[in-house]
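First residue of the sequence shown? That's 43 in my numbering, and the numbers climb one at a time after it.
All C-beta atoms in this analysis are idealised placements derived from N, C-alpha and C, irrespective of residue type, glycine included.
In what follows, a structure is listed as C-alpha cells, so that the remarks can point back to it.
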Amino acid sequence: HYPRIPKPYWDQTCALPIFHYPRIPKPYWDQRINMCKALGMNAVCLYVFWNSHEPKPDQFDFTGQNDLREFVKLCEQNDMKVILRPGPYVCAEWEMGGLPWWLLKKKDIRLRESDPYFLERVDKFQKAIANQVSDLTIANGGPIIMVQVENEYGSYGIDKQYVSEIRDMLRKNFGNEVTLFQCDWSSNFLNNGLNDLIWTMNFGTGANIDQQFAKLKEVRPNSPLMCSEFWSGWFDKWGANHETRPAADMIAGIDEMLSKGISFSLYMTHGGTNWGHWAGANSPGFAPDVTSYDYDAPISESGQTTPKYWELRKTLAKYMDGKKQTDVPSLIKPIAIPSFTFTEVAPLFSNLPEPKSDAEIRTMEEYDQGFGSILYRTTLPELKQPALLTVNDPHDYAQVFVDGKFIGKLDRRNGEKALTIPACKKGATLDILIEAMGRINFGRAIKDFKGITGNVTVTVDNEGHRFVCDLKNWKVYNIEDTYDTYTSIGEFYPIETFTPDENGRLPRGVYRGTFNVKKPSDTFLNFETWGKGLVYVNGHPMGRIWEIGPQQTLYMPGCWLKKGENEILVFDIIGPKEAKSEGLREPLLDQLLVQKPLTHREEGQNLVLSSETPVYTGSFAPGNGWQEVKFDKPVTGRYICLEALNSINGKDVAAIAEMYVLDDKGERLSREPWIVNYADSEDVARMNRSGDKTFDLQESTYWSTVPGIPFPHAIVIDLGATHSIEGFQYLPRMESDVPGAIKDFKIYVKNTPFKY
Ligand code: GLA
C-alpha cells in the first residue's frame, strides 16, 4: 500500500504531539502548536469530538473552540503536518468517547455497529467534517497526511463489516489518495485489521517495544512502524490517586523508537482541560474522570513546560537531521488572586423548575436532557418501621431526602444502590436528586443512560413478611447543565441569610460572586471548601469540582478573564462548607480525600486456603504477552482465587495487568459485574495499583503488591454469577523485564465466598 503514502514520507520517521483543540483555549492554540514544534516534532495528531461539534442533531458547530479548520490551518502555517482522527468514536476520556448523548434517545441503538440509524448519523457527521477540511489533505496540497478509521476497535469487539463501513465513508469524503490507518493494541489488532489500511500500535511508556511490534512485523514484514499512541502519562479519576509516569521511561521509549525508525505520536504531549461536563468515565465499574486532563504530559494542562518537556526536547534534538529546533515560545506567567467570598445563593429546593408528571420513571435522555442534574419526587406509603429503598440504578450520584431531610447518598462508583429510610406517615415526600457525571467512554458500557435507569422500590419487612412496593407517579425536575439554567433559577439571597447545617454545610444551590483581576493571566481557582458540582466564570463552563479530589483547583485561563470585575457561579449539589475561592499560581491536582479505602482487604482479614482444593496448579512462562491455561474439565463457581506462590525474577512482588476467565466454550466471561473480594496486598500509597486494575480493560495499568511483602500473594474475584469455567488468561506487565511476573500459581474456584 505504499502508493497511498506520499513518497516524500516513505522513509521519514514522524514525531507527533497529540493534543485536542477543544481542550485548549483557542487564543493559546498557536503558542501550543509552537511549543510542540520546539520539541522537534513535525506533525500534530488530533481527535475530532463528534459531540462537541453536533450538540443537537443536525446543528453543527465549527466555531470558536470547535473551529477545526482554523486549527488545521494554524498547524499548516507553523509548518506542522496533521493526522486527523475523526472517530466517530474516539475514547479520549471524553464524554461517551465523543459520541453525542442524543443517540441514546433511540433506546435500542447499537453504538459502533452497523445499526442503520447509527451509521446514518455517522455519515452526516463525517460529511460535515469533510466539508471543513477535506480540501486540506496532502493530495490537495494541505497538511493532512493521514486519517484514522475508528479507534481501538479491538477493545470493543470484532466487526470488520462495521469498520469497513467507516473506512468507506472516509474514502468517499476524503478521496482515494489519503492514507487511512487503524490503531489498536498488539494483542488484538488482527481482530479488525482491514487489508488495505495501515496498522499502528498503541502502548504506554515502559512497554517492551520490540514485543509491541513483533506480531505486526511477522504478518507485514515491510510495514512502516508507528506507535500511534505512546502514553506519556495517564488520566485521573475522582477518588483515586493522581497518576504520573516517570519521564525516564518515556524518554527511553522514544529514543528507542526513533533509533529504530519507528514513528510515534505522544499521547498526550499537551492534555488540556475537560471543560464543563465533557470529562468521560472509565469502565468496567464506573470511574469518572476529573476535569483536568493534565495527563502528566510534557506540556502541563495550563501550557507550562515540565521537566519531561525539556528532557524530551533534548532527546529529539538528536533526530533533527541536522536541523535546529525552533525556540520555545514565551510562556504565560500565572497570577494569584486574593481570597474572595461569594455573595448570594439561590437554594435548589426552593427554586425548582416546573416538573413533568410521569407515572413511570424514565432516564434523563427520555426527558430530552443531556447533562446536569435531575430530581425525581414521589410520595411514600406509610412506613411503620425503617425500610430499604432501592434505586435501580442511580446514574451517577444520588442523594435521598424524606420530607426534605437528607438521608444519604448512593454513589455509582461504589456500586451503591440501596439505603435505609426512616419510618414515615403515608404521603411523606421522597426526593431522589441525581447528578449525572460523564458518560462512560471506554468498552461496551458506553451506552450509559443517566438519571434512574430502571425503577425504585421500598422493601418493608413486616413480622417476617416482605412487601416490595414499586414506586410510581413521579414529578420530574430537569436541571439541564447550562449557564442559563443557573442564572435564571429563581431568587438569589445574601449568603448570610443561611446558617450551616449540622454537617457544617450551606444549602445546595447556585452560588454567585465576583472577583477582581488587575491584569488578567492564567490562575488556578481553589475549591477545597466546596462540595460537588459545576463552575462557570464569565459564562464559560470551567468544569466539575468534587471535594474527594485528587483535583482541588480548576484551571482558569487568563484569556477568559477580564480586567476588573469577573463573575463566578457554582452549582453545588452537596453544599459548600465556605462559599469562597482564590486564585493560586500552581494547581492542586494531587490532594485526595479518601472516603473509602482504595484497597480490598479489611483490617485483620486473612484469606484461608488451607481447607480448599485448587482446580489448577501450574507455572506461567517468562516474558511479555498473554498466556492461557485450560483446566482438565469445566468447574462451576462464582468466586475465583489466584494464588501466586513465587515470581519469575525471585523478588517479592506479584503483578497482573489483565486477566480473563474462560467459560466452557472457551469464551471470555464479561467482566462488567466483577468485584474484587480480596487482595492480600495492593500498592496504592502513591499510585493506583489496586486489584481492580486486573480487569479495567487497560493493558498498561496493573495490580501490584507492595514491595517487601513476601509471597504467597492472592486475589479473589466475585464474578457476579455462577459460571461453568474452563480456563484463565493472564497478562503480565508490559515492560521488557516484566516486573512482578508470576511463576508458580494455584487457581481455586468456589460457589460460596472464600473464608477469611
Ligand atoms: C486509548 C484511546 C485514547 C485514550 C487512551 C488513554 O489509547 O485510544 O483515546 O483513551 O487510551 O488515555
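- In this structure, the beta-carbon distance from Val-124 to Pro-185 falls below 7 Å.
- Per DSSP, the continuous alpha helix (DSSP H) segment holding Lys-259 begins and ends at 251 to 261.
- Within 10 angstroms of the beta-carbon of Glu-219 lie fewer than 16 other beta-carbons, which makes it exposed.
- The C-beta of Ile-751 has fewer than 16 other C-beta atoms within 10 Å across all chains shown, which makes the residue exposed.
- Along the length of the stretch 140 to 168, whole alpha helix (DSSP H) runs at least 4 residues long do not occur.
- Ligand 1 approaches Cys-133 closely enough that one of its heavy atoms is under 6 Å from the residue's Cβ.
- Each residue's CA atom was taken as its position, placing Trp-317 and Cys-601 some 14 Å apart.
- Remark: the shortest separation between the CB of Glu-194 and any heavy atom of ligand 1 falls under 6 Å.
- Distance from the Cα of Phe-231 is smallest, within the candidate group Lys-366, Ser-399, Met-243, Pro-781, for Met-243.
- Nearest in C-alpha terms to Glu-353, of all of Gly-199, Trp-71, Ser-399, Gly-295, is Gly-295.
- Excluding sequence positions up to five before and after Ala-470, its CB lies within less than 6 Å of the CB of Leu-422, Val-444, Asp-445, all in the same chain and listed in chain order.
- Per DSSP, the continuous beta strand (DSSP E) segment holding Arg-586 begins and ends at 582 to 588.
- By the criterion of at least three beta-carbon pairs nearer than 8 Å, the stretch 165 to 185 is not in contact with the stretch 505 to 515.
- Bounds of the beta strand (DSSP E) holding Ala-721 are 717 to 721.
- Ser-623 carries a strand assignment under DSSP once its states are collapsed to helix, strand and coil.
- At least one heavy atom of ligand 1 lies less than 6 Å from the C-beta of Glu-271.
- Within the model, the alpha-carbon separation for Asn-93 versus Trp-143 is close to 7 Å.
- Around the beta-carbon of Gln-594, 16 or more other beta-carbon atoms lie within 10 Å, marking it buried.
- Boundaries of the beta strand (DSSP E) harbouring Tyr-702: 700 to 705, taken from the DSSP string.
- For Asn-84 and Leu-394, the gap between their C-alpha atoms comes out near 53 Å.
- Apart from the 5 residues on each side of it in sequence, Ile-757 sits with its Cβ closer than 6 Å to the Cβ of Leu-684, Ala-721, Gly-733 in its chain, given in chain order.
- In terms of CA proximity to Glu-477, Ile-494 leads the group Ile-494, Pro-464, Leu-461.
- According to DSSP, Pro-436 shares a beta bridge with Ile-494.
- Contact annotation: the stretch 146 to 153 does not touch the stretch 187 to 196, with fewer than three C-beta pairs closer than 8 Å.
- Arg-419 carries a strand assignment under DSSP once its states are collapsed to helix, strand and coil.
- Look at Arg-713 here: in three-state DSSP terms it is coil, with no helix or strand label.
- The beta carbons of Trp-241 and Gln-254 sit no closer together than 7 Å.
- Under DSSP, His-62 takes part in no beta bridge, so it has no partner.
- The three-state reading of DSSP puts Ile-482 in strand, counting E and B together.
- Here Gln-411 is buried: its Cβ has 16 or more other Cβ atoms, across all protein chains shown, within 10 Å.
- Residue burial annotation: Glu-644 is exposed, with fewer than 16 other C-beta atoms found within 10 angstroms of its C-beta.
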